[in-house]
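As they're listed, the protein sequences go chains A and B. Position 45, counted from 1, in the first sequence is what the numbering used here calls 73; the numbers after and before it change by one each time, with no gaps. Position 200, counted from 1, in the second sequence is what the numbering used here calls 228; the numbers after and before it change by one each time, with no gaps. Here is the structure we will look at, set down as structure tokens.
2 protein chains.
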Amino acid sequence: MEQQRDIEILKRAELFTGVPTPVLAELQAASFRKRLAAGDVLFRQGDPVDTFYIVIVGRLRVTQTTPEGAQVIIRYLGPGQMAGYSVLTGGTQHPGSTTALDDSHLFGWPAATIRDMMTRHAAIAVNAAAVLGERYHEMQVRLRELSTERVEQRIAHTVLRLARQAGHRTARGIEIAFPLSRQDLAEMTGTTLHTVSRTLSAWEEKGIVDSGRRRVIVCRADALEAMAEAADK
Amino acid sequence: MEQQRDIEILKRAELFTGVPTPVLAELQAASFRKRLAAGDVLFRQGDPVDTFYIVIVGRLRVTQTTPEGAQVIIRYLGPGQMAGYSVLTGGTQHPGSTTALDDSHLFGWPAATIRDMMTRHAAIAVNAAAVLGERYHEMQVRLRELSTERVEQRIAHTVLRLARQAGHRTARGIEIAFPLSRQDLAEMTGTTLHTVSRTLSAWEEKGIVDSGRRRVIVCRADALEAMAEAADK
DNA sequence: CGGACTTTTGAAGTAATTCAAGGGGAGTGG
DNA sequence: CCACTCCCCTTGAATTACTTCAAAAGTCCG
């Protein structure tokens with residue numbers, strides 16, 4: 029049954045782990061589905077917060093744009109992860125924009141529904157705190173990297189993190205499973221696409237990575253780890 | 029009554045807003061008190077997560093240290109705020125160190141107590157999610173600043189944020205209410221104390237700030253805002 | 001009033017940006 | 001199927017914002 033399958037998916041979502049099946053059934057009944065094609069925008073920075081989503085399949089990117097037009101990538105979202113966390117924290121405007129990188133499929137709920145469920149079922153609220161705490165922690169790490177490391181180290185850390193989060197074993201190494209341009213890496217590491225390009229070229233030379241148009245494969249993770257830890261400043 | 033006064037304090041804590049009084053009484057009964065002198069450490073990065081705190085009076089600083097010894101300031105904590113959020117998210121080790129800047133006074137609870145209360149009272153868990161979401165958001169903003177802005181702009185943003193969070197009106201301007209060295213500002217903005225010193229000297233010249241040994245007073249917030257927004261990169 | 005910490009300021013060095021130009025791959029449309 | 005076009009990537013050269021190195025001058029506290 030379709031309904032049963034949906035519940036299985038919800039059960040594996042980060043926000044709903046450990047939530048009893050009847051509650052999941054209630055959530056399933058209240059949900060709608062949303063489809064996005066690659067490049068479609070789920071919501072834009074500044075939009076009113078009225079809907080909450082969970083990714084079923086696909087990959088999305090959360091970005092923040094400055095008034096001057098510079099962009100920063102906050103994170104990538106994959107299956108099971110939530111989009112629109114502001115619904116949980118009572119925000120009124122989305123702090124960033126969320127865009128589909130591949131054709132994607134999501135569950136959606138009106139904000140009031142999720143807020144109500146969270147208030148009635150502590151387990152969901154506890155999960156929400158855990159997920160947000162984890163994202164907070166991840167940001168602490170990135171902030172520390174950005175403050176204290178050189179560009180090459182930061183790129184190494186970022187590529188390793190992406191390989192871990194969205195890596196896919198191939199014959200040549202661990203391939204990052206979604207399109208990733210030099211510009212994207214620059215927006216994640218606080219540098220320019222030129223510097224990223226030079227860095228990847230140098231790594232390619234040494235056989236550490238294999239990369240091309242919007243594509244990165246890590247061939248020698250150990251060598252990258254070494255770069256990332258480089259104690260010699 | 030002492031107990032009554034404690035409950036009043038808890039009622040105003042960020043984690044317990046809107047929580048019914050009987051629950052606060054239960055929390056009060058389970059709490060212990062912790063005193064710290066200026067400079068004392070509440071917990072250290074890597075310590076096992078076993079206690080949760082709420083600041084009653086005083087000011088603390090949360091830092092992260094890299095293996096190479098470089099430090100980054102994650103945030104400052106004031107009255108009503110929580111310390112040891114990992115208790116709420118199920119972490120096992122503290123991601124950062126927390127140190128008292130002034131003589132401070134806190135409520136403390138064993139981790140299990142808070143986790144139990146959070147599970148039994150959804151309102152607490154909902155607050156936890158809201159607080160962590162806010163901190164997550166704050167980190168997004170800092171990450172964006174660090175990625176896209178020049179040092180002077182970052183220092184301007186940081187000083188303004190501190191003035192907003194811990195500002196104290198005086199005859200000469202808004203004084204930041206805790207000791208804040210050039211080194212501290214450097215660790216918040218990802219630069220060196222030298223650059224911070226030069227920047228503050230230049231601002232002093234223009235009458236924008238008045239600063240001295242571990243002390244900063246913002247005289248002309250408008251001029252700082254202008255620096256912070258500077259669209260001319 | 002000695003000593004430890006904090007701040008200031010100059011000068012030299014450099015990592016990374018900015019400026020500039022060209023090359024290549026993938027999709028599109030004739 | 002080939003040419004056209006749009007992106008994306010690469011690479012050199014010049015520039016610069018900031019760091020690093022170095023030394024000295026304040027400032028607070030016991």
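Cβ coordinates follow ideal geometry from the N, Cα and C atoms, glycine included. Small disclaimer: the values here were computed from a predicted structure and weren't measured.
Rounded to whole angstroms, what is the Cα-Cα separation between H122/A and L116/A?
Counted from its first residue, the first sequence places residue 122/A at position 94. Counted from its first residue, the first sequence places residue 116/A at position 88. Distance between the alpha carbons of H122/A and L116/A: 12 Å.
In chain B, which residues lie less than 9 Å from L116/A when you measure between Cβ atoms?
Along the first sequence, one-based indexing puts residue 116/A at 88. Residues of chain B passing the Cβ test: V154, A157, A158 and G161.
So, A150/B versus A66/B, is the Cβ gap smaller than 8 Å?
Here residue 150/B is taken as the residue at index 122 of the second sequence, counted from 1. Here residue 66/B is taken as the residue at index 38 of the second sequence, counted from 1. No, the Cβ-Cβ distance between A150/B and A66/B is not below 8 Å.
Less than 8 Å between the beta carbons of T93/B and Q73/B, yes or no?
Position 65 of the second sequence, counting from 1, holds the residue named residue 93/B. Position 45 of the second sequence, counting from 1, holds the residue named residue 73/B. Contact flag set, yes.
Roughly how many whole angstroms lie between the Cα atoms of T220/B and E96/B?
Counting from 1 along the second sequence, the entry for residue 220/B is found at position 192. Counting from 1 along the second sequence, the entry for residue 96/B is found at position 68. Rounded to whole angstroms, the separation of the alpha carbons of E96/B and T220/B is 16 Å.
Anything in the stretch 78-103 of chain A with a Cβ closer than 8 Å to a Cβ of chain B? List those residues in chain order, please.
For the stretch 78-103 of chain A, which is checked against every Cβ of chain B, the residues closer than 8 Å are Q92, T94, P95, E96, A98, V100 and I102.
Give the DSSP-derived three-state secondary structure of S209/B in the structure shown.
Here residue 209/B refers to the residue found at position 181 when the second sequence is read from its first residue. Coil.
Nearest-angstrom Cα distance between T227/B and V179/B?
As a first step, residue 227/B is located in the second sequence; it is residue number 199 there, counting from the start. As a first step, residue 179/B is located in the second sequence; it is residue number 151 there, counting from the start. C-alpha of T227/B to C-alpha of V179/B: approximately 9 Å in a straight line.
Determine, using beta carbons only, whether I178/A comes closer than 8 Å to chain B.
On the first sequence, position 150 is the one that residue 178/A refers to. Residue identity differs from the one stated: residue 178/A is Arg in this sequence, not Ile. No, R178/A does not count as interfacial toward chain B.
When we look at the beta-carbon of G201/B and count the other beta-carbons within 10 Å, is it buried (16 or more) or exposed?
On the second sequence, residue 201/B is found 173 positions in, with the first residue counted as 1. Its Cβ being crowded by 16 or more others within 10 Å, G201/B is buried.
Enumerated in chain order, which unbroken segments of the alpha helix (DSSP H) with a length of 4 residues or greater are wholly contained in the stretch 111-167 of chain B?
114-117 and 139-148
Within this structure, are the beta carbons of L43/A and V83/A separated by less than 8 Å?
The sequence position of residue 43/A within the first sequence is 15, counting from 1. The sequence position of residue 83/A within the first sequence is 55, counting from 1. Their beta carbons are not under 8 Å apart, which means L43/A does not touch V83/A by this criterion.
Please check the pair R89/A and G106/A, which I expect to be a contact at CB under 8 Å, by giving their CB distance rounded to whole angstroms.
In the first sequence, counting from the first residue as 1, residue 89/A sits at position 61. In the first sequence, counting from the first residue as 1, residue 106/A sits at position 78. With a Cβ gap of about 11 Å, R89/A and G106/A do not count as contacting.
Run through the DSSP bridge pairs and tell me what E203/B is partnered with.
Here residue 203/B corresponds to residue number 175 of the second sequence, with the count starting at 1. Beta-bridge pairing links E203/B to H196/B and I245/B.
Any heavy atom of the ligand GDP within a distance shorter than 7 Å of the CB on P207/B?
No copy of the ligand GDP occurs in the structure displayed, which carries no ligand at all.
Could you tell me which of E257/B, A41/B and V47/B sits nearest to H185/B, measuring between CA atoms?
The count along the second sequence starts at 1 and reaches residue 185/B at position 157. Nearest option by C-alpha distance: E257/B.
When the Cα atoms are used, what is the spatial distance from D75/A to D144/A?
As a first step, residue 75/A is located in the first sequence; it is residue number 47 there, counting from the start. As a first step, residue 144/A is located in the first sequence; it is residue number 116 there, counting from the start. C-alpha separation (whole angstroms): 22 Å.
Since S239/A sits in a beta bridge, which residues does DSSP pair it with?
Counting from one through the first sequence, the residue named residue 239/A turns up at place 211. S239/A is bridged to V244/A.
Quick check on DSSP: helix, strand or coil for Q99/B?
The sequence position of residue 99/B within the second sequence is 71, counting from 1. Strand at Q99/B.
The alpha helix (DSSP H) with T220/B in it runs from where to where?
Taking the second sequence and counting its residues from 1, one reaches residue 220/B at position 192. Note, T220/B: premise wrong, no alpha helix (DSSP H); not H, not E.
Just to confirm the assignment, what range does the alpha helix (DSSP H) spanning T93/B have?
Counting from one through the second sequence, the residue named residue 93/B turns up at place 65. First-last for T93/B: L88 to T93, but that is the beta strand (DSSP E), not the alpha helix (DSSP H).
Skipping 5 residues on each side, what residues in its chain have a beta carbon closer than 7 Å to that of Q181/B?
The residue given as residue 181/B occupies position 153 in the second sequence. The answer, listed in chain order, is M255, A256 and A258.
So, are the CB atoms of A194/B and Y81/B less than 8 Å apart?
Here residue 194/B refers to the residue found at position 166 when the second sequence is read from its first residue. Here residue 81/B refers to the residue found at position 53 when the second sequence is read from its first residue. No, the pair does not count as a contact, with Cβ atoms beyond the cut-off.
Under DSSP, the beta strand (DSSP E) around T79/A begins and ends at which residues?
Along the first sequence, one-based indexing puts residue 79/A at 51. T79 to V85 is the extent of the beta strand (DSSP E) around T79/A.
Could you tell me if Q109/B is buried or exposed, where buried requires 16 or more neighbouring beta carbons within 10 angstroms of its beta carbon?
In the second sequence, counting from the first residue as 1, residue 109/B sits at position 81. Taking all protein chains in view, the Cβ of Q109/B is crowded by 16 or more other Cβ atoms within 10 Å, so the residue is classified as buried.
Alpha carbon to alpha carbon, how far is I102/B from I102/A?
Position 74 of the second sequence, counted from the first residue, corresponds to residue 102/B. Position 74 of the first sequence, counted from the first residue, corresponds to residue 102/A. Cα to Cα, I102/B sits roughly 17 Å from I102/A.
Identify the contact partners of H222/B in chain A, using a Cβ-Cβ distance below 9 Å as the criterion.
Numbered from 1 along the second sequence, position 194 holds the residue referred to as residue 222/B. What H222/B touches in chain A: nothing, since even the nearest Cβ is about 16 Å away.
Report yes or no: is there a C-beta of chain B within less than 8 Å of the C-beta of T262/A?
Nothing about residue 262/A can be read from this structure; chain A reaches only from 29 to 261.
Under three-state DSSP, which class holds R189/A?
Within the first sequence, residue 189/A is the residue found at index 161, counting from 1. The answer is helix: DSSP assigns R189/A an H, G or I state.
Strictly under 8 Å for the Cβ-Cβ distance: is R210/A near chain B by that measure?
As a first step, residue 210/A must be located in the first sequence, where it is residue number 182. Not an interface residue.
So, helix, strand or coil for K261/A, using DSSP?
For this step, residue 261/A is matched to residue 233 along the first sequence. Residue placement at K261/A is flagged as unreliable, the pLDDT there being 42, under the threshold of 50; a coordinate-derived value is accordingly withheld.
Mind checking if A140/A is an interface residue toward chain B, Cβ cutoff 8 Å exclusive?
The residue labelled residue 140/A in the question sits at position 112 within the first sequence. By this cut-off, A140/A is not an interface position.
Can you list the residues of chain B that T120/A reaches, using a CB-CB cut of under 9 Å?
Position 92 of the first sequence, counted from the first residue, corresponds to residue 120/A. Those within 9 Å of T120/A in chain B number zero; the least Cβ separation is about 12 Å.
Taking the alpha helix (DSSP H) that L55/B falls in, what are its first and last residues?
The residue given as residue 55/B occupies position 27 in the second sequence. Here the alpha helix (DSSP H) through L55/B covers T49 to A58.
Using the three-state DSSP reduction, which class does K234/B fall into: helix, strand or coil?
Mapped onto the second sequence, residue 234/B falls at position 206. K234/B: coil per DSSP, three-state reduction.
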